[in-house]
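Q: Mind the numbering: the sequence shown is residues 1 to 228 in the working numbering, read in order.
Backbone N, C-alpha and C fix where the C-beta goes; we use that ideal spot for every residue, glycine too.
So that we are looking at the same thing, I have put the structure below in structure tokens.
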Amino acid sequence: MIPIRDELPTRRFPIVTVFLILANTVVFFYEVVLGPGRELFFFQAGLVPALFWGKARVLYAPFVPPPLTLVTSMFLHGSFFHLLSNMWYLWIFGNNVEDFLGRWRFILFYLGCGCVAGLSHALVFPTSLVPTIGASGAVAGVMGGYFLLFPGARIITLVFWGFFIEFLRIPAVVFLGFWILLQIFYALVSLGFPGYGGIAWFAHVSGFVAGALWCKIIASRMYRKYYW
């Protein structure tokens, strides 16, 4: 299933969401310019669990102190498709969450969920030397917030039925519920691989949960009803 757009309008232009998309895009093009030095840059600015916990040493000068890689890693992407998929989900679900929370709160929300996501991955795989990069943990937090705030919103979704495709209006609670169940399944499967790298499934799960809990705490039912 591929989300195309939602049917929930916003009251204000999502400046922060657009800024985050632009920031991630600019950093990605900087990575491309680095050429062969891109891999080293991932180790310097990405989240490497073993370095984060001090379980390994490096022979290169770090770009930022290891604790700050919880933030810098959110703006790095391994490929154009990696960037595109994260930014597409951020655009679809981020504008309404930003509209609801307010711009400054949304910045803290986004970065906070991303940090929780990165930290959870580092806790589950503390000896991993694979750089964790990407905005998916923070974007998962945005999706968790949307799940909690707007469960009845309709998501126009492209669904594949074998060789046939169809556009369906799927409630957000169903679309995002199915998405998080998949992340939980793959996260549990990944526990069987001690040297696990690849996709940080636990970052997705923890980011989503952090986003939902954050919005649950600060958003009263009355205000959600008013927003609708």
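Where does T17 land, buried or exposed, given buried means 16+ other C-beta within 10 angstroms?
A: Indexing the sequence shown from 1 puts residue 17 at position 17. Answer is buried; the Cβ neighbour count reaches 16.
Q: Only counting the same chain, and skipping five residues up and downstream in sequence, which positions put a Cβ closer than 7 Å to that of L101?
A: Within the sequence shown, the letter at position 101 stands for residue 101. If we look at L101 and ignore the five residues flanking it on each side, its Cβ neighbours are F109.
Q: CB A140 to CB I155, shorter than 9 Å?
A: The residue given as residue 140 occupies position 140 in the sequence shown. The residue given as residue 155 occupies position 155 in the sequence shown. Result no, Cβ atoms of A140 and I155 do not sit closer than 9 Å.
Q: Around the C-beta of F164, are 16 or more other C-beta atoms found within 10 angstroms, so that it is buried, or is it exposed?
A: Here residue 164 corresponds to residue number 164 of the sequence shown, with the count starting at 1. Looking at its Cβ environment, which holds fewer than 16 other Cβ atoms inside 10 Å, F164 is exposed.
Q: Starting from T157, trace the alpha helix (DSSP H) both ways and give me its first and last residue.
A: Here residue 157 corresponds to residue number 157 of the sequence shown, with the count starting at 1. Segment 154-161 is the beta strand (DSSP E) holding T157; no alpha helix (DSSP H) there.
Q: Which full runs of the alpha helix (DSSP H) of 4+ residues lie inside the segment 6-84, going along the chain?
A: Segments of the alpha helix (DSSP H) lying fully in the segment 6-84: 15-34, 38-45, 49-52, 69-72.
Q: Grouping DSSP H, G and I as helix and E and B as strand, with all else coil, what is L168?
A: For the purposes of this step, residue 168 is taken as the residue at position 168 of the sequence shown. Looking at L168 - three-state DSSP - the assignment turns out to be strand.
Q: Looking only at its own chain, which residues have a Cβ that is under 8 Å from the Cβ of F167, when we skip the five neighbours before and after it?
A: As a first step, residue 167 is located in the sequence shown; it is residue number 167 there, counting from the start. Here the set comprises I4, I156, T157, L158, V159.
Q: Between the alpha carbons of W201 and G134, how many angstroms are there, rounded?
A: Locating residue 201 in the sequence shown gives position 201, where the first residue counts as 1. Locating residue 134 in the sequence shown gives position 134, where the first residue counts as 1. Between W201 and G134, the C-alpha separation is close to 12 Å.
Q: Assign F147 to buried or exposed, taking buried as 16 or more other Cβ atoms, counted over all protein chains shown, within 10 Å of its Cβ.
A: If you number the sequence shown from 1, residue 147 lands on position 147. Buried, since its Cβ has 16 or more Cβ neighbours within 10 Å.
Q: Apply the 10 Å Cβ neighbour rule to M222 and answer buried if 16 or more other Cβ atoms are within range, or exposed otherwise.
A: The count along the sequence shown starts at 1 and reaches residue 222 at position 222. Low local confidence applies: a pLDDT of 46 at M222 is under 50, so the model's placement there is unreliable, with the coordinate-based value given in what follows. Flag for M222 reads exposed.
Q: So, are the CB atoms of A219 and G144 less than 9 Å apart?
A: Within the sequence shown, residue 219 is the residue found at index 219, counting from 1. Within the sequence shown, residue 144 is the residue found at index 144, counting from 1. Cβ distance not < 9 Å, so A219 and G144 don't count as in contact.
Q: Between which two residues does the alpha helix (DSSP H) carrying M143 extend?
A: Counting from one through the sequence shown, the residue named residue 143 turns up at place 143. Note, M143: alpha helix (DSSP H), 136-149.
Q: Tell me the residue span of the alpha helix (DSSP H) that contains G102.
A: In the sequence shown, the residue the question calls residue 102 occupies position 102. From DSSP, G102 is part of no alpha helix (DSSP H); its letter is neither H nor E.
Q: Distance, Cα to Cα, T127 vs P49?
A: By 1-based counting over the sequence shown, the position of residue 127 is 127. By 1-based counting over the sequence shown, the position of residue 49 is 49. Approximately 6 Å, taken between the alpha carbons.
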